[in-house]
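S.K.: Residue numbers (this note's numbering): 17 to 395. Heads up, the beta-carbon is just placed ideally off N, CA and C, and yes, glycines get one too. Sharing a structure below in structure tokens format, with a few things to ask.
Here's what the structure looks like:
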């Protein structure tokens with residue numbers, strides 16, 4: 017009961033701080049004309065502030081540190097089994113998160129070049145892996161189990177950078193990145209609770225709370241009334257960094273952990289399957305067409321649904337449903353299905369969905385073209 021009081025409290029307090037900060041940020045953005053820019057992948061219209069993510073880091077960090085400090089003073093069950101190694105992990109994770117947060121803020125204000133952002137993302141990955149937490153076991157994936165640090169550490173840095181960009185890429189429809197983040201943080205909160213990593217669980221629930229007010233402003237806010245806001249890179253990069261840290265921590269093999277099977281890697285990444293698969297598909301398409309992997313375009317999953325006539329809210333609900341379905345389905349199947357078979361099944365489902373959407377988009381385009389020709393003939 018004591019643990020749940022802590023988790024509930026940190027969620028409520030972080031949501032409260034986020035709720036206070038967001039209107040203030042909106043006011044500043046309106047006064048200083050700090051609005052979201054339009055590029056090839058943006059599908060919104062109107063003037064909307066883009067600095068919502070500025071509230072994320074302080075709003076989640078302050079409640080987390082205060083409640084953690086109270087538990088340390090009282091020596092509660094939340095911290096009684098915590099050792100110095102875990103605190104080093106957390107300090108390095110928060111340091112990496114702070115670095116990526118300021119990078120995001122800088123990009124929202126000054127449009128930092130993607131090469132510089134990529135270098136900083138690599139630095140954050142190296143910073144976190146220096147804590148000793150990295151992907152050291154693939155749990156039978158591709159027939160591999162324990163892997164050497166010379167392979168595992170670079171692999172972990174690549175995974176961290178990839179997840180950060182996956183969340184950044186999918187932030188194209190109101191409520192989508194925030195909705196995925198809320199679902200993921202909630203899942204990681206309970207996963208860490210089961211793993212008895214209560215401090216990580218506290219951080220996950222604090223992150224969940226922060227996104228609740230933002231989700232409201234982002235989805236239900238009105239641009240013409242000055243109540244709508246986007247998270248910007250300061251938000252998407254921060255969320256991506258946190259999620260990558262949580263995924264790597266869950267995946268990290270520890271002889272004392274409750275997880276000794278393929279469930280670890282499934283639990284770590286199944287929650288993030290949709291943004292990761294979408295990013296991988298888009299990056300491969302860009303490379304195959306001779307374009308930069310980081311050049312914005314309209315090939316993402318949410319763009320496909322938009323071409324089929326879905327509303328922004330309909331796209332958000334549809335993709336969040338897919339996220340929940342794939343995530344929970346993978347977790348439920350993990351104890352009974354070989355990890356490689358499970359991966360093959362997920363790839364088959366994703367490929368089938370992509371082909372289906374492409375066919376529907378092609379038919380929709382042909383239908384529109386035929387109607388246009390009939391109208392021209394009538395005229």
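(1) Return the chain-ordered list of same chain residues with a C-beta closer than 7 Å to the C-beta of residue 224, the five sequence neighbours on each side being excluded.
(2) Would you mind stating whether residue 331 and residue 318 have Cβ atoms separated by less than 7 Å?
(3) Between the alpha carbons of residue 87 and residue 94, how many angstroms are there, rounded?
(4) Buried or exposed, going by whether 16 or more other CB atoms sit within 10 Å of the CB of residue 5?
(5) Determine the contact status of residue 180 and residue 253, defining contact as a CB-CB distance below 7 Å.
(6) Cβ atoms of residue 328 and residue 189: under 7 Å apart, would you say?
(7) Span of the alpha helix (DSSP H) holding residue 105?
(8) Based on DSSP bridge pairs, tell me the residues matched to residue 18.
(9) Quick one: what does DSSP say residue 240 is sitting in, helix, strand or coil?
(10) For residue 22, count neighbouring C-beta atoms within 10 Å of its own C-beta (all shown protein chains included) and say buried if the count is 16 or more, exposed if not.
(11) At the level of alpha carbons, what is the spacing between residue 8 and residue 216?
(12) Return the residue from the list 106, 49 and 65 that minimises the CA-CA distance to residue 77.
(13) Return the bridge partner residues of residue 51 from the DSSP annotation.
(14) Secondary structure at residue 356, three-state DSSP: helix, strand or coil?
(15) Less than 8 Å between C-beta atoms, sequence neighbours within five positions excluded: which residues of the same chain meet that for residue 146?
(16) Could you spell out the range, first to last residue, of the alpha helix (DSSP H) harbouring residue 161?
(17) In angstroms with no decimal places, state the Cα-to-Cα distance between residue 367 and residue 344.
(18) Given a cut-off of 7 Å, decide if residue 176 and residue 250 are closer than it, judged by their beta-carbon atoms.
(19) Which term fits residue 31, buried or exposed, when burial requires 16 or more other beta carbons within 10 angstroms of its beta carbon?
(20) Alpha carbon to alpha carbon, what distance is there between residue 325 and residue 111?
(21) Mind checking residue 96: buried by the 16 CB within 10 Å criterion, or exposed?
(22) Based on Cα-Cα distance, which residue from 320, 207, 359 and 257 lies nearest to residue 267?
(23) Within 10 angstroms of the Cβ of residue 238, are there 16 or more other Cβ atoms? Answer buried if so, exposed if not.
(24) If you follow the alpha helix (DSSP H) that residue 130 is part of, which residue opens it and which one closes it?
M.R.: For this structure:
(1) Beyond the five residues adjoining it in sequence on each side, residue 224 comes within less than 7 Å, by CB distance, of 27, 198, 201, 202 and 205 in the same chain, given in chain order.
(2) Taking 7 Å as the Cβ cut-off, residue 331 and residue 318 qualify as a contacting pair.
(3) Looking at the two C-alpha atoms, the distance is approximately 7 Å.
(4) Only positions 17 to 395 of the chain appear in this structure, which leaves residue 5 out of reach.
(5) Result yes, Cβ atoms of residue 180 and residue 253 sit closer than 7 Å.
(6) Yes. Within cutoff.
(7) First-last of the alpha helix (DSSP H) with residue 105: 100-126.
(8) Looking at the DSSP assignment, residue 18 forms no beta bridge with any residue, so it has no partner.
(9) Residue 240: helix per DSSP, three-state reduction.
(10) Residue 22 should be labelled buried.
(11) With the chain covering only 17 through 395, there is no way to say anything about residue 8.
(12) With distances taken between Cα atoms, residue 77 lies closest to 106.
(13) For residue 51, the pairing in a beta bridge is given by DSSP as 65.
(14) Helix, per DSSP.
(15) If we look at residue 146 and ignore the five residues flanking it on each side, its Cβ neighbours are 108.
(16) Looking at the DSSP string, residue 161 is not in any alpha helix (DSSP H), and its letter there is neither H nor E.
(17) If I take the Cα positions, the gap works out to 19 Å.
(18) Not in contact: residue 250 and residue 176 (Cβ atoms no closer than 7 Å).
(19) By the beta-carbon neighbour count (other beta carbons within 10 angstroms, threshold 16), residue 31 is buried.
(20) Here the alpha carbons of residue 325 and residue 111 stand approximately 43 Å from one another.
(21) Answer is exposed; the Cβ neighbour count stays below 16.
(22) Put simply, of 320, 207, 359 and 257 the residue whose alpha carbon is nearest the alpha carbon of residue 267 is 207.
(23) Under this definition residue 238 is an exposed residue.
(24) That run of the alpha helix (DSSP H) goes 130-145.
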